[in-house]
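For reference, the structure is listed below as structure tokens.
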Amino acid sequence: MRNINKLDFFVGVFLARIINSSSSVPALFEETENSKRIEFTTDTDDFNVYVKYSQRISTSSLKGRKKRSWTIGFSKNEYSALKESFYSEDRKNLICLVCTNQKLNETYLVVLSYKEAMKCLESNINGSRRITVTRTGADHNFICYGAGPEMQRYSTKCPVDRAKSLGLKEEELV
5 MRNINKLDFF VGVFLARIIN SSSSVPALFE ETENSKRIEF TTDTDDFNVY VKYSQRISTS
65 SLKGRKKRSW TIGFSKNEYS ALKESFYSED RKNLICLVCT NQKLNETYLV VLSYKEAMKC
125 LESNINGSRR ITVTRTGADH NFICYGAGPE MQRYSTKCPV DRAKSLGLKE EELV
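Written out as structure tokens, the structure is:
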């Protein structure tokens, strides 16, 4: 039997939210070769989701408001897989970034469309690709951007509650 690792935990967090929040139980979970990729069907759509996580939270203060940031790195192999073999024409393609702290008591699901995520990942510094996720205070959006200072100008706003994109009850996904 394979040991359970951190990634399994975070994929489980994502799947538990879907099962507990869907207006009907997802009809299909497909096992794939890449444990980070999950295909499933709900009553609203067919999904292809790539799940990654970060426990490295950095906090600061911005105009008296708490600012939280996570940086999620993507290896060359992960980026190649996303670019060359992840996308599925007949499914809604999403990238789910599970952002949390070491104690796992402050966890957010940041759901980006495939296009948004790939825009963040197109730039690299010394071959390193990443998506940085920030949230200031109780803002209704996460700000997501890629590597390099120029990418901050091309940031993507991602609603804190992206439940509707998965056909879930809004209050369950925060």
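So that you can map any letter, position 88 of the sequence shown is 92 in my numbering, and since no number is skipped, the others follow by simple counting. Using N, Cα and C, we set each Cβ at its ideal position, and we do this for glycine too. Here the structure is a predicted model, which means the values were calculated and not measured.
CA-to-CA distance, residue j to residue i, given in whole angstroms
i              : j                 : result
tyrosine 149   : threonine 160     : 6 Å
asparagine 130 : asparagine 109    : 34 Å
serine 84      : lysine 71         : 32 Å
asparagine 128 : arginine 21       : 32 Å
leucine 125    : phenylalanine 146 : 16 Å
glutamate 82   : serine 64         : 30 Å
tyrosine 158   : aspartate 165     : 21 Å
glycine 16     : aspartate 143     : 26 Å
isoleucine 42  : phenylalanine 51  : 8 Å
arginine 95    : aspartate 49      : 8 Å
lysine 67      : valine 137        : 19 Å
Assigned secondary structure, residue i (DSSP; H/G/I helix, E/B strand, else coil)
i              : result
leucine 11     : helix
lysine 107     : coil
lysine 40      : coil
valine 115     : strand
arginine 21    : helix
asparagine 145 : strand
serine 58      : strand
serine 132     : strand
glycine 152    : coil
When the options are compared against residue i, the one with the closest alpha-carbon
i             : options                        : result
threonine 140 : Lys40, Ile22, Pro163 and Lys87 : Pro163
cysteine 103  : Asp94, Val115 and Arg95        : Val115
tyrosine 57   : Phe78, Lys67 and Ser132        : Phe78
8 Å contact criterion, which residue i and residue j should meet: CB distance rounded
i                : j             : result
leucine 101      : isoleucine 61 : Not confirmed; about 12 Å, so no contact.
phenylalanine 14 : valine 55     : 6 Å
leucine 98       : tyrosine 118  : 7 Å
lysine 40        : leucine 19    : Wrong, their Cβ atoms sit about 12 Å apart, outside the cutoff.
Identified DSSP bridge partners for residue i
i          : result
valine 53  : Ile42 and Leu98
serine 65  : Lys70
lysine 161 : Ile147
Residue i: CB within 7 Å of a non-hydrogen atom of the ligand FMN
i            : result
cysteine 103 : This structure lacks the ligand FMN; in fact it carries no ligand of any kind.
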